[in-house]
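Heads up, the thing below is written out as structure tokens.
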């Protein structure tokens, strides 16, 4: 993810091939602040100008606060099993644990049932597949 920072605000930057333009959007809670430029230098100038203009226009009101902190997404084990099953017919248990950890789970911990949920879903997919052809087995 490409970003720029200015006055505590962060902007997300994308590039549009169609017209060779960098496009930016300031990440803040309520308001949309956009800008664009043909070069990185122009993009940075436009970012500063757009944010300064926004902040000047909010002198009588409180401006939107910059977004801060972490945003973590936890992918459900059932979704992970579904996506993996589309391209594989077996998977190693260690690999499943590694993928679950990457998806925000803690397999093997007392309070985390992600490993069990993954394998239940995986076995259900195998049952459906078995009706059509031979069963797919978990690699051991």
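Numbering (this note's numbering), first residue to last: 208 to 347. Yeah, the Cβ is synthetic: ideal placement off N, Cα and C, and Gly gets one too. All figures in this text were calculated on a predicted structure; none of them were measured in a lab.
Shown here for residue 250: same chain residues with a beta carbon closer than 8 Å to its own, the five before and five after excluded, namely 211, 220, 229, 231, 242, 243 and 244 in chain order.
In this structure, the CA atom of residue 268 is about 11 Å from the CA atom of residue 261. If you draw a 10 Å sphere on the C-beta of residue 247, you find fewer than 16 other C-beta atoms in it, and that means exposed.
Taking the Cα of residue 328 as reference, the smallest distance to any Cα among 227, 284, 263 and 226 is reached at 284.
Each residue's CA atom was taken as its position, placing residue 302 and residue 263 some 53 Å apart. With respect to the 7 Å criterion, residue 255 and residue 222 are not classified as neighbours on the basis of their beta carbons. Sequence-distant Cβ neighbours of residue 252 in its own chain, meaning closer than 8 Å and more than five residues away, are 244. Secondary structure of residue 317 (DSSP, three-state): coil. DSSP links residue 211 through a beta bridge to 218.
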